[in-house]
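Engineer: Let me give you the structure first, and then I'll get to my questions.
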Amino acid sequence: MPSPARRRRSGEGARPSGSTALILAGRAFVRGRLQSVEIAIGDDGRIQSVGKVRSGGPRRDVGDAVILPAAVDLHVHLRDPGGPAEAETIATGTVGAALGGVTLVGEMPNTRPPVTSAEAWEEKARRVEGRAAVDVLLYGSPTVPRALPDLARHVGGFKLYLSPTTAIETPVRPAELPDLWRRLSEYRLPISVHAEDPALFRTEPPPVDPEGWNQHRPVDSEMSALRWLTEAPRPLRLNAAHVTTAEGVRLLREAGLCFEATPHHLLLSERSGSDARHKVNPPLRSEVERRGLWDAFRRGEIPVLASDHAPHPGDSKGLPFDRAPSGVPGVETMLPLMLAKARNGELDLGLLMVAACDRPARWLGQPVGRIAPGHRANLLVVDFTQRSTVVGRALRSPCGWSPFEGWEVIRPREHYRDGVRIVEAGEFVGTTTGRVVRPEFAPGEGDDEGSPTGGPVPGRSGI
Ligand code: DOR
Ligand code: ZN
Numbered sequence: 042m043p044s045p046a047r048r049r050r051s052g053e054g055a056r057p058s059g060s061t062a063l064i065l066a067g068r069a070f071v072r073g074r075l076q077s078v079e080i081a082i083g084d085d086g087r088i089q090s091v092g093k094v095r096s097g098g099p100r101r102d103v104g105d106a107v108i109l110p111a112a113v114d115l116h117v118h119l120r121d122p123g124g125p126a127e128a129e130t131i132a133t134g135t136v137g138a139a140l141g142g143v144t145l146v147g148e149m150p151n152t153r154p155p156v157t158s159a160e161a162w163e164e165k166a167r168r169v170e171g172r173a174a175v176d177v178l179l180y181g182s183p184t185v186p187r188a189l190p191d192l193a194r195h196v197g198g199f200k201l202y203l204s205p206t207t208a209i210e211t212p213v214r215p216a217e218l219p220d221l222w223r224r225l226s227e228y229r230l231p232i233s234v235h236a237e238d239p240a241l242f243r244t245e246p247p248p249v250d251p252e253g254w255n256q257h258r259p260v261d262s263e264m265s266a267l268r269w270l271t272e273a274p275r276p277l278r279l280n281a282a283h284v285t286t287a288e289g290v291r292l293l294r295e296a297g298l299c300f301e302a303t304p305h306h307l308l309l310s311e312r313s314g315s316d317a318r319h320k321v322n323p324p325l326r327s328e329v330e331r332r333g334l335w336d337a338f339r340r341g342e343i344p345v346l347a348s349d350h351a352p353h354p355g356d357s358k359g360l361p362f363d364r365a366p367s368g369v370p371g372v373e374t375m376l377p378l379m380l381a382k383a384r385n386g387e388l389d390l391g392l393l394m395v396a397a398c399d400r401p402a403r404w405l406g407q408p409v410g411r412i413a414p415g416h417r418a419n420l421l422v423v424d425f426t427q428r429s430t431v432v433g434r435a436l437r438s439p440c441g442w443s444p445f446e447g448w449e450v451i452r453p454r455e456h457y458r459d460g461v462r463i464v465e466a467g468e469f470v471g472t473t474t475g476r477v478v479r480p481e482f483a484p485g486e487g488d489d490e491g492s493p494t495g496g497p498v499p500g501r502s503g504i
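In the working numbering, each residue's number is its place in the sequence shown (first place is 1) plus 41.
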């Protein structure tokens, strides 16, 4: 017998509460396919019913556009506090998210100072209040043992770095993992892991371009660290961040772990560009590896799509390759790039909705990402005839560049947060009332398939 909370989230037996604030009518992505429905939204911002509505509330018909659940990006870096503000802030990054159809972001702890204590977490949470356009889940870094119990009472999840990267000089060593897993198993919180094994990084020849970077931090260093994750005790709610190869996909699927892939690893290779704007950790791989990853994504074998939005100022990317920072922006382009792929028949829309909306929401324990009664009415209206291209300097991020310059995109026309429109005609019209959120339900709960990696792949859903 499912719990009442679970029944409410899955929609069974949900009771409309309060009055209906808005009825959105049109073709909507519901239960794995597009169908004509009316979505009743309560004045509490939750979906009351999906189907035919008899009475109440103002009605808006979206015409030829479609209604989709808004996306959840469980991997972003907003550089706040500590900057550089020329790259991003909570204020700018969350507006970029809203414009890109992302309604909730998981913000990483490698800011300055790093979020290793409750005090550092509180300082960051204060910066979200009154400045965020969408909701923000703040990860913590569990690397200071005496600060951990207090930190765990605040954070929405943890992020572990197993290799050096931006603002991480001393990563967690493999010998420390068993003790860390034991401590973390007390909290039932999501744990995302940057998996590269620095012992397998190569120093020669010195990297001077993205191909050299791929040799410097090779696929075998990633595979080695992914194997450590498969040895972690269960049930820990792990997610392997930015997996770059089909071999990694196979390993993690066999182990039953959640994992993500990014648009840059799915769509770009080591030859897509020759300067540091294509320098990222883990590196862009060979075209053969990229294609293998993309094919796995198209077959529905990758549970989660996440941007690893990691903006750096344009000037810093103009430094000599070895001195330039790693990371690319992506929160505003992630869903629009993939909606264009879906429009062109290269990607099934249903599969995209599961990977970009439903699974990341479930992994973070958030009642969004699905058009179903009891869920928050965080929805997009998308007109698939409105194609455009990425222009880096027109993006909201002050960094002003994108590795996807010139790529075709379909941007959401409208974005509703709790039933209130925050994007209209592709422009941000909302307020800065985004909240700090924590998981509302535990692993497996609210996940109809029982596991974040499981679940059927919806059939071709058409646009
Ligand atoms: O390329 C990267 N950039 N990889 C990371 O792990 C961190 C990120 C950043 O924060 O810049
Ligand atoms: Zn990252």
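Glycine is no exception: its CB is placed at the ideal position from the N, C-alpha and C atoms.
Can you give me the Cβ contacts of Arg458 inside the same chain, cut-off strictly under 7 Å, excluding the 5 residues immediately before and after it?
Structural biologist: Contacts found: Thr144, Val175, Asn419 and Gly471.
Engineer: Going by beta carbon distance, what residues of the same chain come within less than 7 Å of Pro493, once the five residues before and after it are set aside?
Structural biologist: For Pro493, the pLDDT reaches just 46, beneath the cut-off of 50, and the residue's location in the model is therefore unreliable, leaving the point undetermined.
Engineer: So which of Pro231, Gly467 and Ser182 has the shortest CA-CA distance to Glu481?
Structural biologist: Among Pro231, Gly467 and Ser182, the Cα nearest to that of Glu481 belongs to Pro231.
Engineer: Mapping DSSP to helix, strand and coil, what is Pro239?
Structural biologist: Helix.
Engineer: Counting Cβ pairs closer than 8 Å, one from the segment 119-131 and one from the segment 83-94, do we hit at least three?
Structural biologist: Too few Cβ pairs lie closer than 8 Å, so no.
Engineer: Contact defined as beta carbons within less than 8 Å: I believe Arg101 pairs with Ala128. What is the distance between those atoms, to the nearest angstrom?
Structural biologist: Their Cβ separation, rounded to whole angstroms, is 37 Å, which puts Arg101 and Ala128 out of contact at 8 Å.
Engineer: Below 8 Å, how does it come out for the segment 254-262 and the segment 221-230: are there three or more Cβ pairs, yes or no?
Structural biologist: Judged by Cβ distances under 8 Å, the segment 254-262 makes no contact with the segment 221-230, as fewer than three pairs qualify.
Engineer: With a 10 Å radius around its C-beta and 16 neighbouring C-beta atoms as the bar for buried, classify Arg384 as buried or exposed.
Structural biologist: It is buried - the Cβ of Arg384 has at least 16 other Cβ atoms within 10 Å.
Engineer: Check whether the Cβ atoms of Trp448 and Thr430 sit closer than 8 Å, and answer yes or no.
Structural biologist: Yes; because the gap between Cβ atoms is below 8 Å, this pair is in contact.
Engineer: Determine, using beta carbons only, whether Ser443 and Thr374 come nearer to each other than 8 Å.
Structural biologist: Against a cut-off of 8 Å, the Cβ pair of Thr374 and Ser443 comes out as a contact.
Engineer: Can the beta-carbon of Ala266 be found closer than 8 Å to that of Leu203?
Structural biologist: Yes, the Cβ-Cβ distance between Ala266 and Leu203 is below 8 Å.
Engineer: Within 7 Å: the Cβ of Ala351 and any heavy atom of the ligand DOR?
Structural biologist: Yes, since a heavy atom of the ligand DOR falls inside the 7 Å radius drawn around the Cβ of Ala351.
Engineer: Should the segment 139-159 be regarded as contacting the segment 174-190, the criterion being three or more beta carbon pairs within less than 8 Å?
Structural biologist: At 8 Å Cβ cutoff, the stretches touch.
Engineer: Looking only at its chain, what residues have a beta carbon closer than 7 Å to the beta carbon of Thr133, apart from the 5 residues adjacent to it on each side?
Structural biologist: Taken in chain order, the residues that qualify are Arg437, Ser438 and Pro439.
Engineer: Drop a sphere of 10 angstroms on the beta-carbon of Leu360, count the other beta-carbons inside from all chains shown, and report buried for 16 or more, exposed for fewer.
Structural biologist: Looking at its Cβ environment, which holds fewer than 16 other Cβ atoms inside 10 Å, Leu360 is exposed.
Engineer: Could you tell me which whole beta strand (DSSP E) segments of length 3 or greater appear in the segment 135-178?
Structural biologist: Qualifying beta strand (DSSP E) stretches, in chain order: 143-148.
Engineer: Tell me which same chain residues have a C-beta within less than 6 Å of the C-beta of Leu292, skipping the five on either side of it?
Structural biologist: Counting only Cβ-Cβ distances below 6 Å, and skipping sequence neighbours, we find Leu267.
Engineer: Tell me which residue opens and which closes the beta strand (DSSP E) that Val329 is part of.
Structural biologist: Segment Glu328 to Arg339 is the alpha helix (DSSP H) holding Val329; no beta strand (DSSP E) there.
Engineer: Return the bridge partner residues of Ser90 from the DSSP annotation.
Structural biologist: Answer is Ala81, bridged to Ser90.
Engineer: Does the Cβ of Thr135 have 16 or more other Cβ atoms within 10 Å, making it buried, or fewer, making it exposed?
Structural biologist: By the 10 Å Cβ count, Thr135 comes out buried.
Engineer: Could you give the first and the last residue of the continuous beta strand (DSSP E) run that contains Pro110?
Structural biologist: Residues Arg100 to Pro110.
Engineer: By a C-beta neighbour count over all protein chains shown, 10 Å radius and 16 as the cutoff for buried, is Ser233 buried or exposed?
Structural biologist: Buried, because 16 or more other Cβ atoms sit within 10 Å of the Cβ of Ser233.
Engineer: In this structure, does DSSP put Gly289 in helix, strand or coil?
Structural biologist: Gly289: helix per DSSP, three-state reduction.
Engineer: Where are the beta strand (DSSP E) runs, 3 residues long or more, that stay fully inside the segment 417-478, in chain order?
Structural biologist: Entirely contained in the segment 417-478, the beta strand (DSSP E) runs reaching 3 residues are, in chain order, 420-423, 455-458 and 461-465.
Engineer: I need the straight-line Cα distance from Gly289 to Glu272, nearest angstrom please.
Structural biologist: Their backbone Cα atoms lie some 14 Å apart in a straight line.
Engineer: Quick check on this structure: which residue in Cys398, Ala483 and Val321 has the alpha carbon closest to the alpha carbon of Phe362?
Structural biologist: When each option's Cα is compared against that of Phe362, the closest is Val321.
Engineer: Give a yes or no on whether the C-beta atoms belonging to His283 and His319 are separated by under 8 Å.
Structural biologist: No, the pair does not count as a contact, with Cβ atoms beyond the cut-off.
Engineer: I need the straight-line Cα distance from Val409 to His416, nearest angstrom please.
Structural biologist: The alpha-carbon atoms of Val409 and His416 are separated by roughly 6 Å.
Engineer: When you compare only the Cα positions, how much space is there between Arg326 and Ala317?
Structural biologist: Their backbone Cα atoms lie some 14 Å apart in a straight line.
Engineer: Starting from Phe68, trace the beta strand (DSSP E) both ways and give me its first and last residue.
Structural biologist: According to the sequence as given, residue 68 is Arg; it is not Phe. Run containing Arg68: Thr61 to Val71, per the beta strand (DSSP E) assignment.
Engineer: Is Thr206 helix, strand or coil by DSSP?
Structural biologist: Note: Thr206 maps to strand in three-state DSSP.
Engineer: Compare the C-alpha of Val185 against each of Leu221, Ala208 and Pro110 and name the closest.
Structural biologist: Closest by alpha carbon: Leu221.
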